[in-house]
Structures are given as structure tokens and as C-alpha cells.
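Some notes on the structure that comes next.
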Amino acid sequence: MLPLQRKRIMVTREAEAASDMTYLIEQQGGISIEIPLIHFRGIDSKENDLVLQQMEQYDWIFFTSATGVKFFFEGLNKWNISTKVLKNKRFAVVGSKTAKALQSHGFSAEMVPDTFLGTSLGIGFNARAQHRYRILVIQGNLARQDVVKELQPYHNVQTVIMYETVVNVKIKEKLQVAIEQSTCDLLTFTSPSTVHAFVSLLEEKWSERTASLPCICIGSTTKQSALEHGFSQVMMPKTFTIESMIEVAATYFNKKGQCT
């Protein structure tokens, strides 16, 4: 029998990225319940336009997520800025998925830390930097400032907010029905914002029973958010990837099966 046979797992990440996790769940025999609690929206502003128009002044460009890569290149396209302005730029990213997203646009990251944390990227970069660089950090409106805090004492750092995270209110009824009918065996959260959206969309239907549902969080920040919101069974993989999340799910149900 497959590790996740007939187990119903809720996928709460944004719709565009849900299919990757669904595929992994179904490969292991599980049933994916896709309820995208958030979505991303690009930010069009004069400030962003100005930053993108002045790309020549930066030595390095930092991306902390694949979503940042997406909206950065969409911004260049919107303002008719050729990617030729990036020809002599150097890139640093957090996470292999972000590196892959950057590569899909024809550019390679020189720095990808072993751990999926902005702090690690900042510390690693400072350790090898030979000059005071001009750095542009691409972020979302809810991004942690770890990498910026590490870089600022040693470099000239400019941040630009290219996208915002929005709660998907259209999914509210589907979420509430899923919880009321107990159609889920396990929750997955890939960011603190998915945890917040889950709780806020449930409103009065949020309860201790819901909080007792087991959940897997992709990283320490998301895990902390789940604990702060009252979840009592919170798991986290050692490697912060969706593949590792599914491995944790398989281990959890295997151990649970042995105890019943």
C-alpha cells in the first residue's frame, strides 16, 4: 500500500503552485484537496517604475522567492525594459526553486545558500564579498527583512516591493465546508500568510477541534505562525521543500498506523 493511501491532504498554497504538491500527494496514493487561501498581485507604482528604469546602478540583484522573480520580469516587460540591462548583473537567491525560476528567464544565480533562509544568504554573501556593493532586493509586501538586515551594514541596499499577498476570500465557503464535514486528514502550510488566511477565513468556525488537526509547515517561520494561532500538532521538515513536506506526511501516517 502506498504511504498516503486514501489520506486527504489540504493544499493551501496559491493556485498556480498547487499542482506540484498535488502531484506529489497523488503519487503516494493520497487525495489532494486544493483550497488556495492566498494569491499574489503585482504592484504597479511610480516607485517601482523608477527602480526598474535605473537598473544600471546595481551590481547585484537578490531574490527571496520564485514569486519575486515572476513579478520582477513581468515588471520589466510592462515597462518595456529589455532584459539586456541585466547582462552584467550578478544574482543571489534563496532556495533552489527560486534559482530555477531565475534560470527560466536565462539568468543563473551565483549564490544559493544551503539553507532556505534569508539570513543564511546575507551572512554567506558578506563572508565572500570583497567590496561594498550596490544591491537591489526584490520582495513581496510580507517578506521578512532578514537578508536586508544582514546586508545593510556592509553594502548600499535598495528594496523594492514587486507584489503583495492577498487573502483569497472567494474560497471561504469551500474551506468552511471542508472543515465542517471533516473531509481533511492533514493540513499543509507553505507560508505564515496561509496560516493567517486559514484562521481568518474560518471565522467563528475556528475551534479547538480545528486547531487539533495535524499540519505540516514548510519552515520555522511558518511553524511559529501555526503555533501562535493555536495549532497543537505542528510538523516541519528538515529541508524546506514541498517534497520534504510530503515525506514528513508519509512518516506521520506510517507511525500513526503502527499505533492503531
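Numbering-wise, the sequence shown is residues 1 to 260 according to our numbering. Virtual Cβ for every residue (Gly too), placed ideally from N, Cα, C.
Starting from residue i, trace the alpha helix (DSSP H) both ways and give me its first and last residue.
{"i": "I179", "result": "K172 to E180"}
{"i": "S82", "result": "Careful: S82 lies outside any alpha helix (DSSP H) and carries neither H nor E."}
{"i": "V199", "result": "P192 to L202"}
Tell me the residue span of the beta strand (DSSP E) that contains residue i.
{"i": "G75", "result": "From DSSP, G75 is part of no beta strand (DSSP E) but of the alpha helix (DSSP H) over A66 to K78."}
{"i": "I9", "result": "R8 to V11"}
{"i": "L102", "result": "Segment S96 to Q103 is the alpha helix (DSSP H) holding L102; no beta strand (DSSP E) there."}
{"i": "T188", "result": "L186 to F189"}
{"i": "S225", "result": "Here S225 belongs to no beta strand (DSSP E); instead the alpha helix (DSSP H) covers S220 to E228."}
Please determine, among the options, the residue with the shortest C-alpha to C-alpha distance to residue i.
{"i": "S96", "options": "N168, E243 and I33", "result": "E243"}
{"i": "R134", "options": "D59, V199, T159 and E180", "result": "D59"}
{"i": "T239", "options": "V94, T67, S32 and Q28", "result": "V94"}
{"i": "K223", "options": "V195, W206 and Q5", "result": "V195"}
{"i": "I216", "options": "L142, F253, Q28 and F71", "result": "F253"}
{"i": "L52", "options": "K255, T12 and I161", "result": "I161"}
{"i": "E204", "options": "E180, Q130 and M21", "result": "E180"}
{"i": "A226", "options": "S200, E247 and T241", "result": "S200"}
Given a threshold of 16 other Cβ atoms within 10 Å of its Cβ, counted over all protein chains shown, does residue i qualify as buried or as exposed?
{"i": "G106", "result": "exposed"}
Distance, Cα to Cα, residue i vs residue j?
{"i": "G75", "j": "E16", "result": "19 Å"}
{"i": "T183", "j": "R8", "result": "7 Å"}
{"i": "S104", "j": "P214", "result": "35 Å"}
{"i": "K172", "j": "V147", "result": "34 Å"}
{"i": "L186", "j": "L2", "result": "16 Å"}
{"i": "L136", "j": "K78", "result": "19 Å"}
{"i": "Y163", "j": "N80", "result": "18 Å"}
{"i": "L151", "j": "R6", "result": "47 Å"}
{"i": "C259", "j": "G124", "result": "Annotation note: pLDDT 48 at C259 (below 50); position unreliable, coordinate value reported separately. C-alpha separation (whole angstroms): 44 Å."}
{"i": "T251", "j": "M245", "result": "10 Å"}
On the DSSP bridge list, what partners appear for residue i?
{"i": "R90", "result": "W60"}
{"i": "Y163", "result": "G42 and G140"}
{"i": "M111", "result": "A92"}
{"i": "V234", "result": "C215"}
If we define contact as Cβ-Cβ less than 9 Å, is residue i a contact residue for chain D?
{"i": "T190", "result": "In summary, chain D is missing from the structure at hand, where a single protein chain is found."}
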